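First up is the structure itself, then whatever we jot down about it.
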Amino acid sequence: MITKEHISFSELKDWSTCPHYHKKTWIEKVAPFEGNEYTAFGTAIHDVCEKKLLKEDIDEQEVFQIGFNKLLEELAEKNISVNETNIKDMRTAGPAILSEIDEALEDYFGEYEVFSSEEMLYVPIEDFNIKFKGYVDAVVKVGDTYHLFDWKTCSWGWDARKKSERLVTYQLTLYKHFFCQKHNIPPESVETHFALLKRTAKKNRVEIFRVTSGPKKIENALKLLYQAIYNISKKVSIKNRLSCTKPFRCKLYKTKHCT
């Protein structure tokens, strides 16, 4: 039996996609994901968004470029190749996105107060000797309602299917559940949203939209979480052949780690 101290949504997502991939990357750590220019861009943007939300007095363009450069240097140190054309485009896209953040938040939420930014969740999971670990990008309060949202960098945006995709939205559902437990807040007082930060859009580069997270959805998300914890602890790790090449080719596909 495998004993774990915590589980994150990223780990749950990998397990749900393919238990065998989860075992190789999270348990055996034979092929951990070490990032690329897209993750570097997303991390650099997230850092500035956090500072803007907290009204820190910064030069947002400078902070973004410095942070982006540092992350790219870390990739280079790991001998991870990047696409220089992408890098050039990202250097322009970052400041363009950041210039629209404040207006997008005000248009969507109206008058709001910041409750927390990059709030860590490390909350016991009911009936299991393990904690749920995660970071809530931002929580703002409008009246008596808490609005929990997650920044997501993307290319041009998400279509309707992506916006309602079960595994994508379960992230916010689980964050809401454990946020409510942490603060003893009734679930009906919390709403969840994604804030898309679009690299290739020419206008409306920031799009915020609500994601439903009612009782039934919370129940279903927790059911998946419990199933993952049980199977991981029992070392059950079947291969999901449907995920070998869709939506993208798995990096373990047809290697010695997955034949």
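By the count of our numbering, the sequence shown reaches residue 1044 at its end, each step adding exactly one.
Glycine included, C-beta positions come from ideal geometry on N, C-alpha and C.
Bear in mind that the values here come from a model prediction, so they are computed numbers and not experimental data.
Within the region 965 to 1035, the runs of beta strand (DSSP E) at least 3 residues long that lie entirely inside it are, in chain order, 975 to 983 and 991 to 996. The alpha carbon of C1043 has as its nearest neighbour, out of I882, K789, K808 and I792, the alpha carbon of K808.
Apart from sequence neighbours up to five positions away, the residues of its chain that approach L1009 with a beta-carbon distance below 8 Å are L797, S801 and Y955, ordered along the chain. Within the region 815 to 841, the alpha helix (DSSP H) runs of at least 4 residues that lie entirely inside it are, in chain order, 822 to 838. For the set D922, K836 and W941, the Cα lying nearest the Cα of F934 is the one of D922. Under the rule that a run must span 4 or more residues, the alpha helix (DSSP H) segments found entirely inside the region 894 to 958 read 945 to 948. Per the coordinates, the alpha-carbon of S866 lies some 47 Å from the alpha-carbon of G928. Per the coordinates, the alpha-carbon of I843 lies some 42 Å from the alpha-carbon of C803. One alpha carbon belongs to K837, the other to L883, and they sit about 9 Å apart. Between the C-alpha atoms of Y907 and I915 there is a straight-line separation of about 10 Å. By the neighbour-count criterion, in which a residue is buried when 16 or more other Cβ atoms sit within 10 angstroms of its Cβ, M905 is exposed. One thing to note: R984 has its Cβ within 8 Å of the Cβ of T938. Between the region 811 to 822 and the region 975 to 989, the count of C-beta pairs closer than 8 Å stays below three; the two stretches do not touch. Here W936 is buried: its Cβ has 16 or more other Cβ atoms, across all protein chains shown, within 10 Å.
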